[in-house]
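One line per chain: the protein sequences are A and B, in this order. Counting in the working numbering, the first sequence runs from 62 upward without gaps. Counting in the working numbering, the second sequence runs from 34 upward without gaps. A virtual CB, placed ideally from N, CA and C, is assigned to each residue, including glycine. Note that the structure is a prediction, hence the values are computed from the model and not measured. Have a look at the structure below before the remarks.
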Amino acid sequence: MGSRDQATDIKSQSADFCGQAVATRDAYGSALLELGRRNEKVVVLDADLSGSTKTAKFAKAFPDRFFNMGISEQDLVGTAGGLSLTGKIPYASTFAVFETGRAWEQIRQTLSYSGLNVKLVATHAGITVGEDGASHQALEDIALIRVIPNMTVIVPSDGFETKQVIDAIAEYEHPVYVRLGRAKVPPVMPAGYRFIIGKAHTFSLGSDVTIIATGIMVSKALQAAEQLKKQGIDAGVVNMSTIKPLDTDTVLEAAKKSKLIVTAEEHSIIGGLGGAVSEFVAENHPVHLRRIGTSDTFGCSGSPDELLKLFGLTSENIVKTVEGFFQDFRR
Amino acid sequence: MTAAPQSPDIMALKDQARIVRIEILKMLTASGSGHTGGSLSAADIVTALYFYKMRQRPGDPSWPDRDRFILSKGHAAPLLYAVLALSGYFDKSLLGSLRKVGCPLQGHPSSKLVNGVEVSTGSLGQGLSISNGIALGLRLDKKEARVYCLLGDGETQEGQVWEAAMSAGHYMLDNLCAIVDVNELQIDGRCCDVMTVEPMAEKWRAFNWHVFEINGHDMEEIANALDEAEKIKGKPSVILARTIKSKGVSFFEGKAEYHGVTPTEEELQKALLELDSNGK
Ligand SMILES: Cc1ncc(C[n+]2csc(CCOP(=O)(O)OP(=O)(O)O)c2C)c(N)n1
Ligand SMILES: [Mg+2]
Chain A
62 MGSRDQATDI KSQSADFCGQ AVATRDAYGS ALLELGRRNE KVVVLDADLS
112 GSTKTAKFAK AFPDRFFNMG ISEQDLVGTA GGLSLTGKIP YASTFAVFET
162 GRAWEQIRQT LSYSGLNVKL VATHAGITVG EDGASHQALE DIALIRVIPN
212 MTVIVPSDGF ETKQVIDAIA EYEHPVYVRL GRAKVPPVMP AGYRFIIGKA
262 HTFSLGSDVT IIATGIMVSK ALQAAEQLKK QGIDAGVVNM STIKPLDTDT
312 VLEAAKKSKL IVTAEEHSII GGLGGAVSEF VAENHPVHLR RIGTSDTFGC
362 SGSPDELLKL FGLTSENIVK TVEGFFQDFR R
Chain B
34 MTAAPQSPDI MALKDQARIV RIEILKMLTA SGSGHTGGSL SAADIVTALY
84 FYKMRQRPGD PSWPDRDRFI LSKGHAAPLL YAVLALSGYF DKSLLGSLRK
134 VGCPLQGHPS SKLVNGVEVS TGSLGQGLSI SNGIALGLRL DKKEARVYCL
184 LGDGETQEGQ VWEAAMSAGH YMLDNLCAIV DVNELQIDGR CCDVMTVEPM
234 AEKWRAFNWH VFEINGHDME EIANALDEAE KIKGKPSVIL ARTIKSKGVS
284 FFEGKAEYHG VTPTEEELQK ALLELDSNGK
């Protein structure tokens, strides 16, 4: 048993998750463990969900640098703030809905206003939480955090990118919000990809449409683009993994090149990526735009795949939206 | 309408709790996800509320004089659904589609979808404040109705619980009875290891509450505490009910792992055998 544990441990140590289908929360758990080995300043806090957020891995290896705060998200965020004031680099994790919802004002007043070096890494964001239902599905968290000055908001698309995000934010002395998911996601980022905070990754820009996607929707956007190309629609895809600060250079480029911009996110169409891109293009380069996400509604219980279909978070719906636009456009 | 009977039929209540547990286990096995441990630990308490103490009219869920039940630990939804179905709020056949797309029985209770659910819960720590508000409103309206609020022991780590505890004490809400399901476990392990909640009785007393400490699986003690709480005037009551997580399924009992893990078909059959033999 012990030797088997060691073997898996060594494997996860060296994994950068390139090309691997893995839940972003799992990539987080491994990345955090490795980071903990390299950087003694890293401390981790959780709110009674360490098994689910995967901070339990770090907790097991570094019990002295792990603090379970119990079911008290406000205390979690405040304590992380205090730890940062002693030069530590706190990673504070719980489910996205509770971290950004219950502790919003602590994030605003304590972390952001003072510019504290705290990493809020929330898991179980979005509809793919599944069966737990609306109470546990954060569809507003990007909006909630994006609106706060000083905050950086990052939504990795796969395990490979997650690992790099977790490493990068340790070197970045600002409060950061990272949004991770529960369900396994396919790999999308190419080998050799290097994540830089605030820099989008352009797979390609389409003369007809560019789909600007984030998180799990990047893989759906890539599938949709393939399908659209077969139908003679020149479609490109951008992975906007940093939502704040928004990579406005890339958005501007896409707006200039494409007839249509589609945003795609596992989040409300209000205030998230769709909101951020709309705000920017409306002022700087008005262009036709469609937002894909949940439409001002709560989620519900069901399996992640069923819910993705129910709420239109699929490549099919991206294709349909683009087709619909060009039908009207040509008329 | 179901009026509160004068004295509890303990044998009948025990058997009702057994039936409630059976429904919970069947429902959870069918759904394949959901919260087993905390539904079973509070089954005796909530059975006593619905089948002995509370004045309710399942056919008229918004009857203004009804006693209110607020499930602050919303993850025990299967328990609430079982007692609501068995009371006649909705058809029992719905239980089989718990957590499925399109089923009103959400993973955590939604008051917009299910008759008998007073308010949506699932995010811990919010139920006691809601209960206070209802108790204040009922008092303004000079209603006899009482408010019962069920919390988890881990849940009492939320700051809002203590803000609400202070308010209820301050406003002397004697039409309110909180019940804490003290099963000594939360998700990451034992409460005393994760974040100590003890000494609980002293904490509640300090906030001006009358405290009952009982065995939460002894139907007589439960019924008695609920009766006595009604007689306490000038302050709210809290029942600290000592329980065993997953009570009723011997091979799940007291294990933190079964907080959010559902029985397999095989485990269900084994559990049903245990519960059936308890009924004889
Ligand atoms: C605000 C909030 N934080 C975290 C959770 C996730 N969660 C669900 S149940 C639970 C543990 C609850 O423990 P306890 O209150 O003791 O309940 P019980 O043992 O009766 O199941 C946690 C942390 C939640 N539902 N709400
Ligand atoms: Mg408990």
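Using the beta-carbon of each residue, which ones in chain A are nearer than 8 Å to residue i?
i, result
"methionine 228(B)", "Asp109, Asn129, Met130, Gly131, Ile132 and Ser133"
"valine 134(B)", "Cys361, Ser362, Gly363, Ser364, Glu367, Leu368 and Leu371"
"glycine 129(B)", "Within 8 Å Cβ-Cβ: nothing; glycine 129(B) doesn't reach chain A, min ~14 Å."
In chain B, what lies closer than 8 Å to residue i by C-beta?
i, result
"glycine 112(A)", "Ile220 and Asp221"
"glycine 194(A)", "Arg132, Gln139, Gly140, His141, Ser143 and Gly155"
Is DSSP giving residue i helix, strand or coil here?
i, result
"aspartate 251(B)", "coil"
"valine 152(B)", "coil"
"histidine 243(B)", "strand"
"asparagine 300(A)", "strand"
"histidine 185(A)", "coil"
"valine 312(A)", "helix"
"lysine 118(A)", "helix"
"glycine 139(A)", "helix"
"glycine 185(B)", "strand"
"leucine 307(A)", "coil"
"alanine 164(A)", "coil"
"isoleucine 132(A)", "coil"
"alanine 68(A)", "At alanine 68(A), the pLDDT of 39 sits below 50, so the modelled position is not reliable; the number obtained from the coordinates is stated separately. Of the three classes helix, strand and coil, the one that applies to alanine 68(A) here is helix, per DSSP."
"isoleucine 103(B)", "strand"
"lysine 180(A)", "strand"
"valine 180(B)", "strand"
"arginine 223(B)", "strand"
"lysine 317(A)", "helix"
"lysine 278(B)", "coil"
"phenylalanine 123(B)", "coil"
"lysine 133(B)", "coil"
"leucine 218(B)", "strand"
"glutamine 74(A)", "Since pLDDT at glutamine 74(A) reaches only 43, below the 50 mark, its modelled position is unreliable, and no value is offered."
"lysine 175(B)", "coil"
"phenylalanine 159(A)", "helix"
"valine 246(A)", "strand"
Taking residue i as part of the beta strand (DSSP E), name the residues at either end of that continuous run.
i, result
"aspartate 107(A)", "103-107"
"isoleucine 258(A)", "Looking at the DSSP string, isoleucine 258(A) is not in any beta strand (DSSP E), and its letter there is neither H nor E."
"histidine 349(A)", "349-355"
"threonine 271(A)", "270-274"
"histidine 203(B)", "Unbroken run through histidine 203(B) is the alpha helix (DSSP H), 192-203; no beta strand (DSSP E)."
"alanine 211(B)", "209-215"
"leucine 321(A)", "321-329"
"alanine 153(A)", "150-154"
"phenylalanine 264(A)", "262-265"
"valine 239(A)", "237-240"
List, in chain order, every chain B residue whose beta-carbon is nearer than 9 Å to that of residue i.
i, result
"histidine 197(A)", "Gly140, His141, Gly155 and Ser156"
"aspartate 228(A)", "Result: empty, since nearest Cβ-Cβ is about 26 Å, beyond 9 Å."
"aspartate 77(A)", "Chain B residues near aspartate 77(A): none, gap ~28 Å exceeds 9 Å."
Kindly list, in the order they appear in chain A, the residues whose Cβ is closer than 7 Å to that of residue i.
i, result
"serine 66(B)", "Glu192"
"glycine 107(B)", "Ser196"
Find the residues of chain B that neighbour residue i, judging by a C-beta separation of less than 7 Å, and give them in chain order.
i, result
"phenylalanine 159(A)", "Ser156"
"aspartate 125(A)", "Chain B residues near aspartate 125(A): none, gap ~15 Å exceeds 7 Å."
"aspartate 308(A)", "Correct list: empty, because the minimum Cβ distance to chain B is about 33 Å."
"aspartate 202(A)", "Going along chain B, no residue has its Cβ under 7 Å from aspartate 202(A), so there is no contact; the nearest lies around 13 Å."
"aspartate 357(A)", "Within chain B, no residue comes near aspartate 357(A); the closest Cβ sits about 16 Å away, beyond 7 Å."
If you measure from the CB of residue i, is any heavy atom of ligand 3 nearer than 7 Å?
i, result
"serine 154(A)", "In the structure shown, ligand 3 is absent; the only ligands present are ligand 1 and ligand 2."
Provide the residue span of the alpha helix (DSSP H) that contains residue i, from first to last.
i, result
"valine 271(B)", "Element bounds for valine 271(B): not the alpha helix (DSSP H) but the beta strand (DSSP E), 270-275."
"serine 280(A)", "278-291"
"threonine 85(A)", "85-99"
"serine 310(B)", "298-312"
Contact list for the segment 183-202 of chain B against chain A, Cβ threshold 9 Å: Gly185, Gly187, Glu188, Thr189, Gln190, Glu191, Gly192 and Gln193
Alpha helix (DSSP H) segments (min. 4 residues) lying fully within the segment 194-227 of chain A: Taken in chain order, the whole alpha helix (DSSP H) runs of length 4 or more contained in the segment 194-227 of chain A are 202-207.
Entirely enclosed alpha helix (DSSP H) segments - the segment 42-94 of chain B, minimum 4 residues: 43-64, 70-74 and 76-81
In chain order, each beta strand (DSSP E) run of at least 3 residues that lies wholly inside the segment 332-390 of chain A: Fully enclosed beta strand (DSSP E) runs of 3 or longer: 349-355.
Contact list for the segment 134-148 of chain A against chain B, Cβ threshold 9 Å: Glu134, Gln135 and Asp136
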